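Below: one structure, written as structure tokens.
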Amino acid sequence: MAVKTNKMPTSSSDASSPNASSPDAATGKIWDIPLRLFHWLLMFAVIGAIISSKTANWFWHEKMGLTVLGLIGFRIIWGFIGTDHARFSRFPLSPGRVIQYIRLRLAGDRTYTPGHAPTGAWATIILLAVLGAMAGFGTMANNDILFEGPLAAWVGTFTNTATYWHRVLERVLFAALIAHLAAMLTYRIWLKINLVPAMVTGGKDDKAKPFSRRHQMLGVALLLVMVAGAQTLGLLGERYYF
1 MAVKTNKMPT
11 SSSDASSPNA
21 SSPDAATGKI
31 WDIPLRLFHW
41 LLMFAVIGAI
51 ISSKTANWFW
61 HEKMGLTVLG
71 LIGFRIIWGF
81 IGTDHARFSR
91 FPLSPGRVIQ
101 YIRLRLAGDR
111 TYTPGHAPTG
121 AWATIILLAV
131 LGAMAGFGTM
141 ANNDILFEGP
151 LAAWVGTFTN
161 TATYWHRVLE
171 RVLFAALIAH
181 LAAMLTYRIW
191 LKINLVPAMV
201 TGGKDDKAKP
211 FSRRHQMLGV
221 ALLLVMVAGA
231 QTLGLLGERY
241 YF
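Numbering (the numbering used here), first residue to last: 1 to 242.
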């Protein structure tokens, strides 16, 4: 008579493995959930700010601009307390690394390394700086007729300087966005690497440190608090939405 036995699991996904048994870990990802949320919310906020500016919808322009400000604030903080690839300390920013990376790419090297490439790291820093400065100046800017930022009345004549730089940085932003899109197309067409899916799914990196779910929940909470806090600036000053 055959005796039925229960076969113990032996795969890497066995319940005895640390990752499977721990309810507080997620492994094999490059980008954490807070960073992915930041990326897509920032994209929509920037697009919304541009459209509302060109259509003179100042109510939504302010909302989108303050959203950008809150998101940039989150990203700066997350760059110090976030997960491994999100931290600024992991950014390969040295000139030597950048030059070496460009030389390898021009020589036909298509090796993909998870995380920020040297050029991508610099692009991230530049975009954060431009968007942060633009949103910050926007809170103090005015258009002399229909609208002024929530802090414009608090800074006196500096509002004119803020308005000037807000407009100048608009051109810089457009140039940076075009360069960003060109880089992504270069990766896709020349290097055969599609960067978009990783920012949706988190990507895959078998060497990545486990993501603590508590850490990610903290990140999402921080993101929401920063965006909500930035929106409260809209309660300051007079509103002009004609």
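From the three backbone atoms N, C-alpha and C, an ideal C-beta is built for every residue, glycine too.
This one's a predicted model, so the numbers in the text were calculated from it and none came from an experiment.
### Message
Closest to G115 by C-alpha separation, out of I76, R87, T139, would be which residue?
### Response
Looking at the Cα atoms, R87 is the closest of the given residues.
### Query
Can you check whether the CB of M226 is closer than 7 Å to the CB of G96?
No; because the gap between Cβ atoms is not below 7 Å, this pair is not in contact.
### One or two residues paired with N142 in a DSSP bridge
N142 pairs with E148.
### Query
How close, in whole Å, do the beta carbons of I76 and L131 come, if the pair is a contact with beta carbons under 8 Å?
The pair is not a contact, with the Cβ atoms about 11 Å apart (cut-off 8 Å).
### Query
By a C-beta neighbour count over all protein chains shown, 10 Å radius and 16 as the cutoff for buried, is W40 buried or exposed?
The residue in question, W40, is exposed, as its Cβ has fewer than 16 Cβ neighbours within 10 Å.
### Message
I'd like to check one pair, I30 with G203: are the Cβ atoms closer than 7 Å?
### Response
Taking 7 Å as the Cβ cut-off, G203 and I30 qualify as a contacting pair.
#### Entry: Rounded distance between the beta-carbons of A175 and G65, thought under 8 Å
Incorrect: roughly 19 Å between the Cβ atoms, too far for contact.
### Task
Give the straight-line distance between the Cα atoms of A221 and H215, rounded to the nearest whole angstrom.
A direct Cα-to-Cα measurement between A221 and H215 gives close to 10 Å.
### Query
V168: buried (16+ other C-beta within 10 angstroms of its C-beta) or exposed?
Label assigned to V168: exposed.
### Task
Just tell me which of V196, P150, Y187 has its CA closest to the CA of T232.
Measuring C-alpha to C-alpha distances from T232 to each of V196, P150, Y187 identifies P150 as the nearest.
### Message
According to DSSP, is I255 part of a helix, a strand, or is it coil?
### Response
No statement about residue 255 is possible, as the shown extent of the chain runs from 1 to 242 and does not include it.
### Task
Please name the residue, chosen from I33, A141, L93, that lies closest to N160 on a Cα-to-Cα basis.
Residue A141 is the option with its Cα nearest to N160.
### Query
Between V68 and the rest of its own chain, which residues show a CB-CB distance below 6 Å, the 5 nearest in sequence each way excluded?
Only A45, L131, A135 meet the Cβ criterion.
### Message
Measuring straight from C-alpha to C-alpha, what distance separates G28 and T201?
### Response
One C-alpha to the other measures close to 11 Å.
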